[in-house]
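Asks: To start, I am sharing the structure in question, which I have written as structure tokens.
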Amino acid sequence: MNFLRKIAYPFSLLYGFITSVRNFLFHINVLKSTEYTTPTIVVGNLSVGGTGKTPQIEYLIRLLQNNYKIAVLSRGYKRKSEGFVLADEYATAESIGDEPFQYYQKFKNIIVCVEANRRNGIEQLEKLTSPPDIILLDDAFQHRKVKGGFNILLTSYHNLYVDDCMLPTGNLRESKLGAKRAQAIIVTKCPENLSKQQQIKISSKLKPRTNQPVFFTTISYDETLKGSHEMELEDLRTAKILLITGIANPLPLTNFLSEQQIKFKHLNFPDHYSFKEKDILNINQAYNAIQSKNKIVLTTEKDYVRIFGRLKNVYYISIKTSFINHKSSFDTIINNYVEQSTGHR
Numbered sequence: 004m005n006f007l008r009k010i011a012y013p014f015s016l017l018y019g020f021i022t023s024v025r026n027f028l029f030h031i032n033v034l035k036s037t038e039y040t041t042p043t044i045v046v047g048n049l050s051v052g053g054t055g056k057t058p059q060i061e062y063l064i065r066l067l068q069n070n071y072k073i074a075v076l077s078r079g080y081k082r083k084s085e086g087f088v089l090a091d092e093y094a095t096a097e098s099i100g101d102e103p104f105q106y107y108q109k110f111k112n113i114i115v116c117v118e119a120n121r122r123n124g125i126e127q128l129e130k131l132t133s134p135p136d137i138i139l140l141d142d143a144f145q146h147r148k149v150k151g152g153f154n155i156l157l158t159s160y161h162n163l164y165v166d167d168c169m170l171p172t173g174n175l176r177e178s179k180l181g182a183k184r185a186q187a188i189i190v191t192k193c194p195e196n197l198s199k200q201q202q203i204k205i206s207s208k209l210k211p212r213t214n215q216p217v218f219f220t221t222i223s224y225d226e227t228l229k230g231s232h233e234m235e236l237e238d239l240r241t242a243k244i245l246l247i248t249g250i251a252n253p254l255p256l257t258n259f260l261s262e263q264q265i266k267f268k269h270l271n272f273p274d275h276y277s278f279k280e281k282d283i284l285n286i287n288q289a290y291n292a293i294q295s296k297n298k299i300v301l302t303t304e305k306d307y308v309r310i311f312g313r314l315k316n317v318y319y320i321s322i323k324t325s326f327i328n329h330k331s332s333f334d335t336i337i338n339n340y341v342e343q344s345t346g347h348r
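This is the structure:
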């Protein structure tokens, strides 16, 4: 914790008080939460950024897409449009945001839309000629005006919400008590070899409610890179690599590359960074300065949708959420919720 964050602690107390009062008013129905006919699954966190919401949304899409018509509703962070926007063939990362555009590019049989007002977003989806069977709400855990049917709370292994404190001293958006609203908690970005004893210790630390299961996932990296064309991960060991990232926490990726004995030069930008022309110029200069014919620009999938077409010889590495254990239990819980909810419509 740096010095500025320490001296901001009084503001953290004030912010925590304000968010707690807000949550209490929702709890006693002074502020109203709207519940919708269409089943909704909320994926979110208590802290700002970096808990793995995007791969978790993609996991749910893969789990459900063969049996249900899915819509993903996101805020569309840093997009240049306003209001409700339905992704179509004219959509770009600038018009709907990088993560929604990634969903749209990757999954052709789902609906992707953005709207900061989640209530209006859901209402617009329900008015479609062919409305969705299930709506996935990306990063909406604090959007209390919508009562999610099933709430999934993510917390990073390296920064559990129970070890954090409120903004601006820490990274919490609301009190740790907010975790009680979740129907399931997922500890993300765990080491692959996390033992059962360590899992039990972390679960005990989180103090979940009765019938509030805790799951543990890790990040799996694709063995095949995509971009200019396809290449295998192992080919990176003999290449000169310029790594470009504009995500909340690039450490898991840089650690993975190092573990694979892949050397790289890293240019790190802020999360959801909007690359300007001068940035592209600087990246190209850094790339041209590499003295090798076997060289590439490597980036994340989320960054790729913002810079493809602006750089030459650029590739991205995809990630997936993998459950360390109890995957079938999680899948069953989700499938049961969706099946029962759609059956009651």
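Okay, so the sequence shown: first residue is 4 according to the numbering used here, each after it adds one. Just so it is clear, CB atoms sit at the ideal spot from N, CA and C, and this is done for glycine as well.
Can you tell me whether DSSP reads A74 as helix, strand or coil?
Replies: Along the sequence shown, one-based indexing puts residue 74 at 71. Residue state, collapsed to three classes: strand.
Asks: Give me the Cα-Cα distance between G151 and H269, rounded to the nearest whole angstrom.
Replies: Here residue 151 refers to the residue found at position 148 when the sequence shown is read from its first residue. Here residue 269 refers to the residue found at position 266 when the sequence shown is read from its first residue. Between G151 and H269, the C-alpha separation is close to 39 Å.
Asks: Output the boundary residues of the alpha helix (DSSP H) element that contains G124.
Replies: Within the sequence shown, the letter at position 121 stands for residue 124. Start and end: 121 to 129.
Asks: Who are the Cβ neighbours of A90 in its own chain at under 6 Å, not counting the five residues just before and after it?
Replies: The sequence position of residue 90 within the sequence shown is 87, counting from 1. So the list reads I99, Y107, V115, once near-sequence residues are dropped.
Asks: So, T248 versus T324, is the Cβ gap smaller than 9 Å?
Replies: Within the sequence shown, numbered from 1, the residue matching residue 248 stands at position 245. Within the sequence shown, numbered from 1, the residue matching residue 324 stands at position 321. It is not a contact, given that the beta carbons lie outside the stated cut-off.
Asks: Between which two residues does the alpha helix (DSSP H) holding K86 run?
Replies: The residue labelled residue 86 in the question sits at position 83 within the sequence shown. Looking at the sequence itself, residue 86 is Gly, so the reference to Lys does not match. Premise fails: G86 is in no alpha helix (DSSP H) and is neither H nor E.
Asks: Look at the alpha carbon of N123 and the alpha carbon of Q200, and state the distance between them as a whole number of angstroms.
Replies: The residue labelled residue 123 in the question sits at position 120 within the sequence shown. The residue labelled residue 200 in the question sits at position 197 within the sequence shown. N123 and Q200: Cα-Cα distance of roughly 45 Å.
Asks: Taking just the CA atoms, how far does Y340 sit from Y39?
Replies: Numbered from 1 along the sequence shown, position 36 holds the residue referred to as residue 39. Numbered from 1 along the sequence shown, position 337 holds the residue referred to as residue 340. In a straight line, the C-alpha of Y39 is about 14 Å away from that of Y340.
Asks: Nearest-angstrom Cα distance between T335 and Q343?
Replies: Against the sequence shown, residue 335 aligns to sequence position 332. Against the sequence shown, residue 343 aligns to sequence position 340. Those two C-alpha atoms are separated by around 12 Å.
Asks: Confirm, please, whether the CB-CB distance from I137 to I73 is below 9 Å.
Replies: Counting from one through the sequence shown, the residue named residue 73 turns up at place 70. Counting from one through the sequence shown, the residue named residue 137 turns up at place 134. Yes, Cβ-Cβ distance for I73 and I137 is below 9 Å.
Asks: Going by CA-CA distance only, name the one from K315, E226, T22, A187 that's closest to T220.
Replies: If you number the sequence shown from 1, residue 220 lands on position 217. Closest by alpha carbon: A187.
Asks: By the 10 Å Cβ neighbour count, where 16 or more other Cβ atoms means buried, how is I31 classified, buried or exposed?
Replies: Here residue 31 is taken as the residue at index 28 of the sequence shown, counted from 1. Flag for I31 reads exposed.
Asks: Run through DSSP, which three-state label would T22 get?
Replies: Residue 22 sits at position 19 when you count from the first residue of the sequence shown. Here T22 sits in helix by DSSP.
Asks: Quick one, which of N328, S50, I10, V24 has its alpha-carbon nearest S198's?
Replies: Here residue 198 is taken as the residue at index 195 of the sequence shown, counted from 1. Ranking N328, S50, I10, V24 by Cα distance to S198 puts N328 first.
Asks: Would you call the stretch 283 to 293 in contact with the stretch 226 to 236, where contact means no fewer than 3 C-beta pairs closer than 8 Å?
Replies: In short, these stretches do not touch, since the Cβ pair count stays below three.
Asks: What do you reckon, are the CB atoms on R82 and V117 nearer than 9 Å?
Replies: Position 79 of the sequence shown, counted from the start, is the residue given in the question as residue 82. Position 114 of the sequence shown, counted from the start, is the residue given in the question as residue 117. Yes, they are a contact pair.
Asks: Just the Cα atoms here: how many angstroms apart are T41 and Y80?
Replies: In the sequence shown, residue 41 corresponds to position 38, counting from 1. In the sequence shown, residue 80 corresponds to position 77, counting from 1. So the two alpha carbons sit approximately 24 Å from each other.
Asks: Of all the alpha helix (DSSP H) runs that stay within the bounds of the stretch 277 to 341, which reach a length of 4 or more residues?
Replies: Those alpha helix (DSSP H) runs which fall completely within the stretch 277 to 341 and span 4+ residues are 280 to 291, 304 to 310.
Asks: In the DSSP assignment, the alpha helix (DSSP H) including N258 goes from what residue to what residue?
Replies: Working through the sequence shown from its first residue, we reach residue 258 at position 255. Per DSSP, N258 belongs to the alpha helix (DSSP H) from 254 to 262.
Asks: Going by Cα to Cα distance, which pick from K305, R313, E97, I299 is closest to D282?
Replies: Position 279 of the sequence shown, counted from the start, is the residue given in the question as residue 282. Of the listed residues, the one whose Cα sits closest to D282 is R313.
Asks: Who are the Cβ neighbours of Y164 in its own chain at under 7 Å, not counting the five residues just before and after it?
Replies: Within the sequence shown, residue 164 is the residue found at index 161, counting from 1. Excluding positions up to five away in sequence, the list reads L49, S50, T158, L175, K179, A182.
Asks: Please return the same chain residues whose Cβ sits closer than 7 Å to the Cβ of K305, not counting the five positions on each side in sequence.
Replies: Counting from one through the sequence shown, the residue named residue 305 turns up at place 302. Closer than 7 Å at Cβ, skipping near neighbours: T57, D101, E102, Q105, I250.
Asks: Measuring only the C-alpha atoms, how far is R8 from S133?
Replies: Here the question's residue 8 lines up with position 5 in the sequence shown. Here the question's residue 133 lines up with position 130 in the sequence shown. Cα-Cα distance, rounded: 49 Å.
Asks: Near Q202, which residues of its chain fall below 6 Å by C-beta distance, leaving aside the five closest residues on each side in sequence?
Replies: To locate residue 202, count along the sequence shown from 1; it is residue 199. Closer than 6 Å at the Cβ level, and outside the excluded window around Q202, lie F219.
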